[in-house]
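Count along the sequence shown from 1, add 13, and you get the number used in the numbering used here. Working notes, beginning with the structure itself.
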Amino acid sequence: REMERKVTKASPLALGEAEPLSSKTKKRVMKEWKNVMAHDPLLFQKAWVGSANRSMSIKQIFGIPLDQDAGENVSFSNLYTLIEDFFTKVIVTQHLDDDLTVDCAQALGARHIDFVGQGFNSAFWDIFMACLRDAFQESMATFGTERDEELEILFEKTFAWVLYNMRLGFQDRKKKESELRTKPVIEELKELKVQDIKLPQKKGIESCKKDSSEEVPSRCRCS
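Right under this line is the structure:
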């Protein structure tokens, strides 16, 4: 009789704790990637749909009714293939090369700035990471003859490192665009000299003195 598999594992890895991948992690993830995806072809769809169901802002961006399961929106749920293709490119094609992984992930993350006006924010990557972790753990419960907790941890580190850099790319671009908007104002203030500032003259008794031949308007009478 097959032994009952443990579902618990190490504490979830937060994106802020992500770090560059070790050689061991890269080799194992690259070796098992095709097997993992063949075992659960809908892994990224589960994570993608799950993240929308946890985030009202994502539903609003894609026009999904808040009371509707995101999985029922076919056009939305099928977008998971873009995410899967990106991870496949980074892992299989680019062999998790340090520089390529960082550059590609940050470039893709920076493009998400276009959705800010529709309510997108950097917290989405934390939500997606949590959903991807949950979906992956569920998938690993039936992967192989015994639960491989080490493999789960290595994949989680890989997911976290890629998503961390996507979020970083988004935040960097957002910061740069903010600086570009405020720089002209700041530079103008720096160049402004005190002597160039003309203050309005205060009206007093002297301003009310008129030639005796002129009639002093009632609003200027000083008596």
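From the three backbone atoms N, C-alpha and C, an ideal C-beta is built for every residue, glycine too.
Handout entry: Start-to-end residues for the alpha helix (DSSP H) that takes in Leu113
Key = Mapped onto the sequence shown, residue 113 falls at position 100. Counting along the chain, the alpha helix (DSSP H) containing Leu113 begins and ends at 111–124.
Problem - Residue interval of the alpha helix (DSSP H) (run including Val87) - result: Counting from 1 along the sequence shown, the entry for residue 87 is found at position 74. It spans 87–90 - the alpha helix (DSSP H) in which Val87 sits, taken as one unbroken run.
Handout entry: Host alpha helix (DSSP H) of Ala60 (start-end)
Key = Translated into positions along the sequence shown, residue 60 becomes position 47. First-last of the alpha helix (DSSP H) with Ala60: 56–67.
Practice task
Note down, in chain order, each residue of its chain lying with its Cβ closer than 7 angstroms to the Cβ of Glu104, except the 5 sequence neighbours on either side.
Solution key: By one-based count along the sequence shown, residue 104 stands at place 91. Here residue 104 is Ile; the residue named in the question, Glu, does not match the sequence. Closer than 7 angstroms at the Cβ level, and outside the excluded window around Ile104, lie Val42, Met43, Trp46.
Problem - Buried versus exposed, by CB contacts within 10 Å (16 or more), Arg160 - result: Taking the first residue of the sequence shown as 1, we reach residue 160 at position 147. By the neighbour-count rule (16 or more Cβ atoms within 10 Å), Arg160 is buried.
Practice task
Using beta-carbon positions only, say whether Leu121 and Gly182 come within less than 8 angstroms of one another.
Solution key: Along the sequence shown, one-based indexing puts residue 121 at 108. Along the sequence shown, one-based indexing puts residue 182 at 169. Yes, they are a contact pair.
Practice task
Check whether the Cβ atoms of Val175 and Phe128 lie closer than 8 angstroms to each other.
Solution key: For the purposes of this step, residue 175 is taken as the residue at position 162 of the sequence shown. For the purposes of this step, residue 128 is taken as the residue at position 115 of the sequence shown. No, the pair does not count as a contact, with Cβ atoms beyond the cut-off.
Exercise for the section: Could you round the C-beta distance between Gly149 and Phe168 to whole angstroms and report it? I think they count as a contact, below 8 angstroms. Expected result: Along the sequence shown, read from residue 1 onward, the residue named residue 149 stands at position 136. Along the sequence shown, read from residue 1 onward, the residue named residue 168 stands at position 155. It should be noted that the sequence gives Phe, not Gly, for residue 149. With 8 angstroms as the limit, Phe149 and Phe168 qualify as a contact, their Cβ atoms being about 6 angstroms apart.
Exercise for the section: Check Ala154 in the structure and name its three-state DSSP category. Expected result: Translated into the one-based positions of the sequence shown, residue 154 becomes position 141. Coil at Ala154, not helix or strand.
Practice task
Assign Asp98 to buried or exposed, taking buried as 16 or more other Cβ atoms, counted over all protein chains shown, within 10 Å of its Cβ.
Solution key: Counted from its first residue, the sequence shown places residue 98 at position 85. So Asp98 ends up on the exposed side.
Problem - Asn257 versus Ile166 - alpha carbon distance - result: What is shown of the chain runs 14 to 236, which leaves residue 257 out entirely.
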